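Count the sequence shown with the working numbering and you get residues -12 to 380, in order. Report on the following structure.
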Amino acid sequence: MNRRIYLDHAATCFPKPSIVLDAMHSFSTSVEAAVGRGVYRSSQNSSEIVSRLRREIANWIDAKTAEEISFHAGGTEAINTALFGILRPGDHVVTTAVEHNSVLRPLHHLADTKVINWTVVPADSHGHISADAILQAIQPHTRMIALVHASNVNGAVQSIDTIGKRLVEDFGESNKPIFLCDAAQTFGHLRLSVTDSHLDVLAAPGHKGGRGPLGTGFLYVRRELHCQIRPTVFGGTGTHSESLEMPREYPVSFEAGNMNVPALAGWLAGIRSRSQKSSARAALKESSESMKTLATELYGRLREVRGVRVIGEPHELFLPVASIAIEGLPASDAAMILDTEFGIEVRSGLHCAALIHEWIGSPPDGTLRISCGESTTLQELDCLADALKEICE
Ligand SMILES: Cc1ncc(COP(=O)(O)O)c(C=O)c1O
């Protein structure tokens, strides 16, 4: 089967626009110099690429300054930088059952080693988390609330805005717990303003909705919090080189060692190809509308296939990410058949999300996940529905 219908955009977007690949190639063949390490022209060019990307990301998430953005090798590394850099012995953290393991595993580790205590707020059967439940879980020592913007298992979008506003109402802007959001599935797809949502920390990969290559990601830390976060990776920063102490300036001290500038150059080209045509706000509006249409079309088709059980269909806002189970067929077998017989690439299993499955009622071996991206067409969804019908017959 030569056909390739890629429906695993929740993992990474594909194909990357050619402008991304061209920018990476052009950087590596004509610049390829380290950032912030030299006064010569190519090094300055490298630094300029990174600065422009910082400004671009700040604009997309409505951050006040570009110096609130640091770059990392994906969403996982950005989240780890925040959790290990901010949390201290005795802290309590509120998180939820719908998180990805990139949040759950570091928190479990910190709890297991007696650094923190944590409370995991349950989800409803659609994968939504109630704002009241989050607020009720807060204790006197709660230092942080860590919440995903959208589930990578069923696409359920959480009301970050409402929760942020309620936190400010109840505790005040400067006394509320640190509010962290994992925007892995939504960055570049849905508008999320750190200012309007009162977010202190936001982490996201660049390689999903951001159009960047794999292994890219960023962390936003609100300026007022910079004195509370410590580096987790130690090494050269190109600054204060006479000192054995790690400098504490954000973002440069959180990017020790050489950065993957070819990838960042590609990401910059990818994200700019959207904001050049219109403002970031207009691009996000357009993207959220097309995601909504794709979500409705995807769920509509899946519901119609006899023998397919849609798992945890969200009832509010959701992304085009769906989990299904096929009667009598393990998810991994179904994924294999879809690939080998129909050329359709989807993912099976638990999707690196340990806890959500209990709440949405997944089978023990997990689900078959179908996830769309900006390149997904309705014809591809028709092919998926036809293939599922054939498999289920
Ligand atoms: C919700 C969520 N958080 C975090 C991550 C981790 O991102 P990365 O793969 O860039 O480390 C993912 C990746 O799929 C995700 O879906």
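For every residue, glycine included, the Cβ atom is placed at its ideal position computed from N, Cα and C. Only a predicted model underlies this, so the values are computations on that prediction, with no experimental measurement involved.
Identified DSSP bridge partners for residue 168: 134, 189
Neighbourhood of residue 290 by C-beta, 7 Å cutoff - its chain only, sequence neighbours within 5 removed: 297
Near ligand 1: residue 195 beta-carbon under 8 Å from a heavy atom: yes
Of the residues 285, 299, 54, 313, the one placed nearest residue 293, counting alpha carbons only: The residue with the shortest Cα to Cα distance from residue 293 is 313.
Terminal residues of the alpha helix (DSSP H) in which residue 71 lies: 62 to 73
Residue 231 (DSSP reduced to helix, strand or coil): coil
Beta-ladder partner(s) of residue 58, from DSSP: 205
Contiguous beta strand (DSSP E) assignments of at least 3 residues, all confined to the segment 90 to 130: 103 to 108
Distance, residue 376 Cα to residue 67 Cα: 42 Å
Contact test: residue 126 Cβ vs ligand 1 heavy atom, cutoff 8 Å: no
Per-residue DSSP class, three states only, for residue 287: helix
Near ligand 1: residue 162 beta-carbon under 8 Å from a heavy atom: no
Sequence-distant residues of the same chain with beta carbon closer than 6 Å to residue 57, five excluded per side: Cβ neighbours of residue 57 beyond the five flanking positions: 206, 238, 241, 242.
Contact under 9 Å by Cβ, residue 136 with residue 98: no
DSSP state of residue 318 mapped onto helix, strand, coil: Under the three-state reduction of DSSP output, residue 318 falls in the helix class.
Rounded separation between residue 283 and residue 214 - CA only: 44 Å
Contact set for residue 78: own chain, Cβ-Cβ below 6 Å, skip 5 residues either direction: 103, 130
Inter-stretch contact at 8 Å, needing at least 3 Cβ pairs: the segment 41 to 59 / the segment 245 to 264: Counting C-beta pairs closer than 8 Å gives three or more between the segment 41 to 59 and the segment 245 to 264, which meets the contact rule.
Cross-strand partners of residue 79 (DSSP beta bridge): According to DSSP, which records beta bridges pairwise, residue 79 is partnered with 104, 129.
Burial state of residue 75, where buried means 16 or more other Cβ atoms lie within 10 Å: Counting Cβ neighbours within 10 Å, residue 75 comes out exposed, since fewer than 16 surround it.
According to DSSP, residues forming a beta bridge with residue 143: DSSP, once it has assigned bridges, lists 305 as partnering residue 143.
heavy atom of ligand 1 below 8 Å from residue 64 C-beta: It does: the Cβ of residue 64 is within 8 Å (strictly closer) of some heavy atom of ligand 1.
Counted within 10 angstroms of its Cβ, other Cβ atoms place residue 200 as buried (16 or more) or exposed: Answer is buried; the Cβ neighbour count reaches 16.
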